[in-house]
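Asker: For the sequence shown, my numbering puts the final residue at 306, and the numbers step up evenly by one.
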Amino acid sequence: GKKEGAKVEIGGGRLGTKGYYIQPTVFSNVNDEMRIAKEEIFGPVQQILKFKTMEEVIERSNQSHYGLGAGVITPDMNKALTYTQGVQSGSVWINCYDVSGPQVPFGGYKMSGVGRENGEDGLHHYCEIKTVN
Numbered sequence: 174g175k176k177e178g179a180k181v182e183i184g185g186g187r188l189g190t191k192g193y194y195i196q197p198t199v200f201s202n203v204n205d206e207m208r209i210a211k212e213e214i215f216g217p218v219q220q221i222l223k224f225k226t227m228e229e230v231i232e233r234s235n236q237s238h239y240g241l242g243a244g245v246i247t248p249d250m251n252k253a254l255t256y257t258q259g260v261q262s263g264s265v266w267i268n269c270y271d272v273s274g275p276q277v278p279f280g281g282y283k284m285s286g287v288g289r290e291n292g293e294d295g296l297h298h299y300c301e302i303k304t305v306n
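#1: Given a threshold of 16 other Cβ atoms within 10 Å of its Cβ, counted over all protein chains shown, does glycine 216 qualify as buried or as exposed?
#2: Sort out for me which residues DSSP pairs tyrosine 282 with in a bridge.
#3: Quick one: complete alpha helix (DSSP H) runs, 4+ long, within the segment 248 to 293?
#4: Helix, strand or coil for valine 230, going by three-state DSSP, please let me know.
#5: Return the Cβ separation of alanine 210 and valine 203 in integer angstroms, given the expectation that the two are a contact with Cβ distance under 8 angstroms.
#6: Please report how far the alpha carbon of isoleucine 246 lies from the alpha carbon of tyrosine 194, in whole angstroms.
#7: Which same chain residues, not among the five before or five after tryptophan 266, have their C-beta less than 8 angstroms away from its C-beta?
#8: If you follow the alpha helix (DSSP H) that isoleucine 209 is in, where does it begin and where does it stop?
#9: If you compare alpha carbons, which of Thr255, Gln219, Glu293 is closest to threonine 226?
#10: Would you say glutamine 258 and tyrosine 282 are within 8 angstroms of each other, going by their C-beta atoms?
#11: Which class does glutamate 177 belong to by DSSP, given the choice of helix, strand or coil?
#12: Pull up the distance between the alpha-carbon of lysine 180 and that of asparagine 291, whole angstroms please.
Take a look at the structure:
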């Protein structure tokens, strides 16, 4: 984050005195080589990276070793659908985040997952298929 040159727009401090919690945090001036752009952060942290084209965003997203979740916020549904079709991610949210249900398969691509849980696809993970003729 800050050590690599990103700017804290809001948050960034410890939240409370117990546990290891941080305030919701937004970083700007982030580039693809920064740790906060390359690694999964399981916390209330948002990184802002600049881009010129949707193709660039998809290519940069897919360079990650991870692919658990991705999201796009845009009023242009065609751009959103272009992103969802191109990004290598187990879940993709459009204009929302972490909306799911028990009937929806959950899992990631690449180093973010081995199989799926939840939904019918999740049940198949626990089944061994056999053909008898």
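Where is the CB? At the ideal position from N, CA and C, for every residue including glycine.
Answerer: With the structure as the only source:
#1: Here residue 216 corresponds to residue number 43 of the sequence shown, with the count starting at 1. Answer is exposed; the Cβ neighbour count stays below 16.
#2: Here residue 282 is taken as the residue at index 109 of the sequence shown, counted from 1. Its beta-bridge partners are Gly240.
#3: 250 to 259
#4: One-based indexing of the sequence shown puts residue 230 at position 57. Note: valine 230 maps to helix in three-state DSSP.
#5: Along the sequence shown, one-based indexing puts residue 210 at 37. Along the sequence shown, one-based indexing puts residue 203 at 30. Contact flag correct, Cβ pair sits at about 5 angstroms.
#6: Taking the sequence shown and counting its residues from 1, the one referred to as residue 246 is at position 73. Taking the sequence shown and counting its residues from 1, the one referred to as residue 194 is at position 21. Their backbone Cα atoms lie some 26 angstroms apart in a straight line.
#7: Numbered from its first residue, the sequence shown carries residue 266 at position 93. These residues qualify, in order along the chain: Gly242, Ala243, Gly244, Val245, Val272.
#8: As a first step, residue 209 is located in the sequence shown; it is residue number 36 there, counting from the start. Run containing isoleucine 209: 208 to 211, per the alpha helix (DSSP H) assignment.
#9: Within the sequence shown, numbered from 1, the residue matching residue 226 stands at position 53. The shortest C-alpha separation from threonine 226 is found at Thr255.
#10: Residue 258 sits at position 85 when you count from the first residue of the sequence shown. Residue 282 sits at position 109 when you count from the first residue of the sequence shown. Against a cut-off of 8 angstroms, the Cβ pair of tyrosine 282 and glutamine 258 comes out as no contact.
#11: The residue given as residue 177 occupies position 4 in the sequence shown. In this structure, glutamate 177 counts as helix in the three-state DSSP scheme.
#12: For the purposes of this step, residue 180 is taken as the residue at position 7 of the sequence shown. For the purposes of this step, residue 291 is taken as the residue at position 118 of the sequence shown. Cα to Cα, the separation comes out at about 38 angstroms.
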